[in-house]
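Numbering (UniProt numbering), first residue to last: 1 to 136. Where is the CB? At the ideal position from N, CA and C, for every residue including glycine. This structure is a prediction, so every number in the text was calculated from the model and none was measured. Okay, structure first, notes after.
Structure below.
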């Protein structure tokens, strides 16, 4: 009996997740709301994880406030979405820059090759370390 309830609950959540993302969000406010629901987070949970106040998140979702790029940067990892995608949806990223890719993301890609050979974990670490010290 409990197993059936658990399966039904999981199925219901999967259907809800699928339904929520079928329609393309109309704006950043709706997008953040849908992403939060898809992660199963309450406004309070997202606030605690991101450091953005619950009242501000609520005002973003109800379209009373527009999020800044800094706010989107804080929310992105907890909504499991690329920061650049949030900027794009919020119209804070120029279209010509929408193809910009962060080197960290490229280096963390599973199938990254250099001169026909796959780059292993040690090489990725060295590249990231080298780039970090280049900023000094």
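- The Cβ neighbour count for residue 42, taken over all protein chains shown within 10 Å, is under 16; the residue is labelled exposed.
- In this structure residue 37 is not in contact with residue 25, their Cβ atoms being roughly 12 angstroms apart against a cut-off of 8 angstroms.
- Per DSSP, residue 47 is one residue of the alpha helix (DSSP H) stretching across 43-50.
- Spatial neighbours of residue 58 in its own chain (CB-CB distance under 6 angstroms, excluding positions within 5 residues in sequence) are listed in chain order as 43.
- The beta carbon of residue 51 sits closer than 7 angstroms to those of 74, all from its chain and outside the five residues before and after it, given in chain order.
- Taking C-alpha positions only, residue 91 is separated from residue 45 by approximately 26 angstroms.
- DSSP, reduced to helix, strand and coil, places residue 26 outside both helices and strands of the structure shown, so it counts as coil.
- Residue 70 and residue 83 have their C-alpha atoms some 10 angstroms from each other.
- Per DSSP, residue 76 is one residue of the alpha helix (DSSP H) stretching across 69-79.
- Per DSSP, residue 65 is not a residue of any alpha helix (DSSP H), being assigned neither H nor E.
- Look at residue 119 here: in three-state DSSP terms it is coil, with no helix or strand label.
- In the DSSP secondary-structure assignment, residue 113 is bridged to 118.
- Boundaries for residue 90: no alpha helix (DSSP H) harbours it, and the DSSP string shows neither H nor E there.
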